[in-house]
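Peer 1: Next up is a structure, given as structure tokens.
Number of protein chains: 2
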Amino acid sequence: MEIRPLRADARQNRTRLLDAARDVFVELGSRAPLDEVARRAGTGIGTLYRHFPDRQALQRAVVLDALQRTVDEARAALDQERDPFRALVRYMHTVLDIRIAAVIPALFNDVDLEEEQLRRVRYEGSAVLDDLVAAAHRAGTLRKDVTSADIGLLTVRLSRPLPGTFLREQNDELAHRHLDLLVEGLRPRSGRPVAISGPAMSMRDLQRLSVTDREAAPSTARKARGRSNK
Amino acid sequence: MEIRPLRADARQNRTRLLDAARDVFVELGSRAPLDEVARRAGTGIGTLYRHFPDRQALQRAVVLDALQRTVDEARAALDQERDPFRALVRYMHTVLDIRIAAVIPALFNDVDLEEEQLRRVRYEGSAVLDDLVAAAHRAGTLRKDVTSADIGLLTVRLSRPLPGTFLREQNDELAHRHLDLLVEGLRPRSGRPVAISGPAMSMRDLQRLSVTDREAAPSTARKARGRSNK
DNA sequence: ACGATCCGGAGACAATGTCTCCACTTATCT
DNA sequence: AGATAAGTGGAGACATTGTCTCCGGATCGT
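Protein chains in written order, with the working numbering: chain A, 1 to 230; chain B, 1001 to 1230.
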């Protein structure tokens, strides 16, 4: 590892490449052509390869960067907001902005999340989200049956850009709009509590689960689900 | 055009290929290897190409099939459910099951949605969703500021499989769980109405928007494939 | 039983993506 | 300003991946 500081222009290029890579991976998937990344960053492909020896190194750097920023923001929300529910909502909006919840999914199969450094930041991320949720639970402003994994997964669903040729700005607006809508469903209901179905997991459950199962079930048979509208 | 009915085994293979293709496109994206589709369908690659002359034909068939089933189910929901809100919720759950809202996004850039037959079914789909939403609005059981485009886009967000090595069944359960959660946010609030941000669009707005954006690039209706742009 | 119909998958071909190499440019220091 | 180390860009050799044809053989329907 080089410890010598980068030249000013080199540092800027590195940052630009990271930003461009994040967008490209989110929009085009983990196997998007790196030419495109270089193009958006306004550099040559050679420069990209100088900073990141191969595709995987770039992907790793992108994830680490986004994760770190998310953790920082989560802590800020927890510290600065008086109302825990507000802190949680602020956290979710920020996550949309950082696009972390879109990046990780996109790169999930290509980046080794168990690698030491990533593992550590991921752990911090889970912990702070657990704290946010727990605080809101204690305050009684968040439905008791909503778990931290729900929050995490919901931000994933909201983060991913909608297909079609939406402009990016429009996409972002819609994501925040839908988050607003969702947030209303997170509050406890005064009247009858309508039960929600499915597995209630914590962030820890979620991580354990992702790591553990590594076999593919080739069962393609589809069964009709007997569904009553609850 | 062949009108002669297919041999029984051929018909079954065709159906299997369609189902497999839908899953593969959703999971692996529109450019997923067709070998994988054949493998999951339990047929050879040659069989795939006999039924669908090229990738685009397969994609188109997948979308048409899913769309048609969705429209049918939407009509059934509208007819059979007494409570309009229940009808809407049932519709959304069904959409998750059919995975239409995951298929269309995945194939958005590869299938020409303006092609006559698709256009017609899509139009029907929008119309019936508009009806569902309008009915719920009239009944006062759906927030007035929630539009049909919101419903459509939200099902898209919920439909797409979460990354990681979730088993498919688990993925489905989570999608329905999160839909349950979301639904609570769709109901009108008795107390203060918390405003939601962002553009409020109808399905029509949505379609118009997607189409106009497309004009920028030359629409490849049925041309040679080899394109090199950038 | 016996055409007609359909299947399977090896492999030639085409498209796409990876990454190196090095002549050239730019930042930084004195 | 001059010297020089640091950084850049992109053409192109190479590798990987996906497309689609072809035809001997299996299977269906009558």
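Note that the Cβ used here is the ideal one computed from N, Cα and C, for glycine as well.
At the 9 Å Cβ level, is residue 1135 (chain B) part of the contact set with chain A, yes or no?
Peer 2: Taking the first residue of the second sequence as 1, we reach residue 1135 (chain B) at position 135. Not one chain A Cβ lies under 9 Å of residue 1135 (chain B).
Peer 1: Would residue 133 (chain A) and residue 88 (chain A) be called neighbours here (beta carbons separated by less than 9 Å)?
Peer 2: Numbered from its first residue, the first sequence carries residue 133 (chain A) at position 133. Numbered from its first residue, the first sequence carries residue 88 (chain A) at position 88. The criterion of a C-beta distance shorter than 9 Å is satisfied by residue 133 (chain A) and residue 88 (chain A).
Peer 1: Under a three-way DSSP split, which group does residue 214 (chain A) fall into?
Peer 2: Position 214 of the first sequence, counted from the first residue, corresponds to residue 214 (chain A). Here the model assigns residue 214 (chain A) a pLDDT of 37, short of 50, so the residue's position is not dependable and the matter cannot be decided.
Peer 1: By Cβ distance below 8 Å, which residues in the same chain neighbour residue 118 (chain A) in space, the five residues on each side in sequence not counted?
Peer 2: Reading the first sequence from its first residue, position 118 is the one you call residue 118 (chain A). Hits under 8 Å: 60, 63, 64, 67, 111 and 112.
Peer 1: From B:1058, B:1142, B:1161 and B:1195, pick the residue whose C-alpha is nearest to that of residue 105 (chain A); which is it?
Peer 2: As a working note, residue 105 (chain A) is residue 105 in the first sequence. Looking at the Cα atoms, B:1161 is the closest of the given residues.
Peer 1: Hey, out of A:9, A:23, A:198 and A:115, whose CA is closest to residue 102 (chain A)'s CA?
Peer 2: Working through the first sequence from its first residue, we reach residue 102 (chain A) at position 102. Here the closest residue by C-alpha is A:23.
Peer 1: What are the start and end residues of the alpha helix (DSSP H) that includes residue 88 (chain A)?
Peer 2: In the first sequence, residue 88 (chain A) corresponds to position 88, counting from 1. Bounds of the alpha helix (DSSP H) holding residue 88 (chain A) are 84-98.
Peer 1: Going along the chain, which residues of the segment 105-120 of chain A sit with their C-beta nearer than 7 Å to a C-beta in chain B?
Peer 2: 105 and 108
Peer 1: Could you check what DSSP says for residue 1143 (chain B) in three-state terms: helix, strand or coil?
Peer 2: Taking the first residue of the second sequence as 1, we reach residue 1143 (chain B) at position 143. DSSP, read as helix, strand or coil, puts residue 1143 (chain B) in coil.
Peer 1: Roughly how many angstroms separate the alpha carbons of residue 1092 (chain B) and residue 1122 (chain B), rounded to a whole number?
Peer 2: Within the second sequence, residue 1092 (chain B) is the residue found at index 92, counting from 1. Within the second sequence, residue 1122 (chain B) is the residue found at index 122, counting from 1. One C-alpha to the other measures close to 16 Å.
Peer 1: Flag residue 1176 (chain B) as yes if its beta-carbon sits less than 9 Å from any beta-carbon of chain A, otherwise no.
Peer 2: Along the second sequence, read from residue 1 onward, the residue named residue 1176 (chain B) stands at position 176. Cβ-Cβ to chain A under 9 Å: yes for residue 1176 (chain B).
Peer 1: Would you identify the three-state DSSP class for residue 25 (chain A), choosing helix, strand or coil?
Peer 2: Counting from one through the first sequence, the residue named residue 25 (chain A) turns up at place 25. Here residue 25 (chain A) sits in helix by DSSP.
Peer 1: What's the gap between the Cα of residue 90 (chain A) and the Cα of residue 1048 (chain B)?
Peer 2: Within the first sequence, the letter at position 90 stands for residue 90 (chain A). Within the second sequence, the letter at position 48 stands for residue 1048 (chain B). Approximately 49 Å, taken between the alpha carbons.
Peer 1: Using 9 Å as the threshold, is the C-beta distance between residue 1079 (chain B) and residue 1149 (chain B) below it?
Peer 2: Within the second sequence, the letter at position 79 stands for residue 1079 (chain B). Within the second sequence, the letter at position 149 stands for residue 1149 (chain B). Going by C-beta atoms, residue 1079 (chain B) is not nearer than 9 Å to residue 1149 (chain B).
Peer 1: With distance defined between alpha-carbon atoms, name the residue in B:1038, B:1166 and B:1147 nearest to residue 1021 (chain B).
Peer 2: As a working mapping, residue 1021 (chain B) is identified with position 21 in the second sequence. Checking every option, the nearest Cα to that of residue 1021 (chain B) belongs to B:1038.
Peer 1: Short of 7 Å Cβ to Cβ, which residues in the segment 1074-1095 of chain B face chain A?
Peer 2: 1086, 1089, 1090 and 1093
Peer 1: What does the alpha-carbon distance come out to for the pair residue 1032 (chain B) and residue 1018 (chain B)?
Peer 2: Position 32 of the second sequence, counting from 1, holds the residue named residue 1032 (chain B). Position 18 of the second sequence, counting from 1, holds the residue named residue 1018 (chain B). Taking the straight line from one Cα to the other gives about 14 Å.
Peer 1: Taking C-beta to C-beta, are residue 1100 (chain B) and residue 1069 (chain B) nearer than 9 Å?
Peer 2: As a position in the second sequence, residue 1100 (chain B) is number 100, starting the count at 1. As a position in the second sequence, residue 1069 (chain B) is number 69, starting the count at 1. Residue 1069 (chain B) is positioned such that its CB atom lies closer than 9 Å to that of residue 1100 (chain B).
Peer 1: Residues in its own chain within less than 6 Å of residue 172 (chain A) by CB, not counting five upstream and five downstream?
Peer 2: Residue mapping note: residue 172 (chain A) aligns to position 172 of the first sequence, counting from 1. None.
Peer 1: What would DSSP say about residue 43 (chain A), mapped onto helix, strand or coil?
Peer 2: Reading the first sequence from its first residue, position 43 is the one you call residue 43 (chain A). Three-state result, residue 43 (chain A): coil.
Peer 1: Of all the CB atoms in chain B, is at least one closer than 9 Å to the CB of residue 197 (chain A)?
Peer 2: Within the first sequence, the letter at position 197 stands for residue 197 (chain A). By this cut-off, residue 197 (chain A) is an interface position.
Peer 1: Residue 174 (chain A) and residue 1198 (chain B) look like a contact to me (Cβ under 8 Å); what is the Cβ gap, rounded to whole Å?
Peer 2: For the purposes of this step, residue 174 (chain A) is taken as residue 174 along the first sequence, with counting starting at 1. For the purposes of this step, residue 1198 (chain B) is taken as residue 198 along the second sequence, with counting starting at 1. The pair is a contact, with the Cβ atoms about 6 Å apart (cut-off 8 Å).
Peer 1: Residues of chain B with CB under 7 Å from residue 180 (chain A), in chain order?
Peer 2: Working through the first sequence from its first residue, we reach residue 180 (chain A) at position 180. The contacting residues are 1196 and 1197.
Peer 1: So, residue 1145 (chain B) versus residue 1200 (chain B), is the Cβ gap smaller than 9 Å?
Peer 2: Counting from 1 along the second sequence, the entry for residue 1145 (chain B) is found at position 145. Counting from 1 along the second sequence, the entry for residue 1200 (chain B) is found at position 200. Closer than 9 Å, so yes.
Peer 1: Mapping DSSP to helix, strand and coil, what is residue 1071 (chain B)?
Peer 2: Within the second sequence, numbered from 1, the residue matching residue 1071 (chain B) stands at position 71. It is helical.
Peer 1: Against chain A, which members of the segment 1151-1166 of chain B pass a CB distance test of less than 7 Å?
Peer 2: 1153, 1154, 1156, 1157, 1158, 1160, 1162, 1163, 1164 and 1165
Peer 1: State yes or no: is the C-beta of residue 147 (chain A) within less than 9 Å of the C-beta of residue 188 (chain A)?
Peer 2: In the first sequence, counting from the first residue as 1, residue 147 (chain A) sits at position 147. In the first sequence, counting from the first residue as 1, residue 188 (chain A) sits at position 188. No, the Cβ-Cβ distance between residue 147 (chain A) and residue 188 (chain A) is not below 9 Å.
Peer 1: Give a yes or no on whether the C-beta atoms belonging to residue 1006 (chain B) and residue 1014 (chain B) are separated by under 9 Å.
Peer 2: Taking the first residue of the second sequence as position 1, residue 1006 (chain B) is located at position 6. Taking the first residue of the second sequence as position 1, residue 1014 (chain B) is located at position 14. Going by C-beta atoms, residue 1006 (chain B) is nearer than 9 Å to residue 1014 (chain B).
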